[in-house]
Amino acid sequence: MSEEYELVEKADKEWFIAVFPNGTSWFRSGILATWNAWACCGYAVENNVDDVAFVRALAKKLSTEYRIKRYFAIGMSNGGLMSYRLACDAADVFTAIGSVAGTDNTTSCSPSRPIPVMHIHALNDPNVLYNGGCGPECQWKNWGIDFHSVPYTIEKWVKQNSCTN
Numbered sequence: 000m001s002e003e004y005e006l007v008e009k010a011d012k013e014w015f016i017a018v019f020p021n022g023t024s025w026f027r028s029g030i031l032a033t034w035n036a037w038a039c040c041g042y043a044v045e046n047n048v049d050d051v052a053f054v055r056a057l058a059k060k061l062s063t064e065y066r067i068k069r070y071f072a073i074g075m076s077n078g079g080l081m082s083y084r085l086a087c088d089a090a091d092v093f094t095a096i097g098s099v100a101g102t103d104n105t106t107s108c109s110p111s112r113p114i115p116v117m118h119i120h121a122l123n124d125p126n127v128l129y130n131g132g133c134g135p136e137c138q139w140k141n142w143g144i145d146f147h148s149v150p151y152t153i154e155k156w157v158k159q160n161s162c163t164n
């Protein structure tokens, strides 16, 4: 994600710190690492990895080393799903979250406050389908993963944050 979205260059130009933690994996190399975003995916969910605690600890460590005033979480695909999990379980840490190609599949959500959400999603995403489900290129199809739709996700957060038209 750091390379695809040129976030390091943006951070250097705009004077913010960009951190790119990795989820956990079945493999020592870290390949195919995943986040425990409740309904998905892989090693992190199967082993009930407490990724929220990990991210909280990372934020605390960064706060001791740098004068950070605000944290933002953004992720793609499973990382996007994890951003929604952080919005639910760590709204006290994050100012806002963003998700690229990952919908909100949390099963319960009670953030401590309203939290801004930015959602970016292609209509033709072949993995996490815009209208819900695991698409033709989705590697989690055999696991019974069924992603919520983008409209469901947006509607959920409009209600969650008590937004009005």
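Just so you know, the sequence shown maps onto residues 0 to 164 in numbering that gives the first Met the number 0. Cβ atoms here follow ideal geometry from the backbone N, Cα and C, with glycine treated the same way. Quick caveat: nothing in here was measured; it's all calculated off a predicted structure.
About 18 angstroms separates the CB atoms of V51 and T102; that is not less than 8 angstroms, and the two are not in contact.
Close CB contacts of A43 within its chain, under the 7 angstroms cut and outside five residues either way in sequence, are with G22, T23, T33, W34, N35, D50 (chain order). Under the three-state reduction of DSSP, I73 is assigned to strand. Under DSSP, the beta-bridge partners assigned to V127 are C133.
Here Y70 is buried, its C-beta having at least 16 other C-beta atoms within 10 Å.
P110 sits away from L57, with the two beta carbons spaced by 9 angstroms or more.
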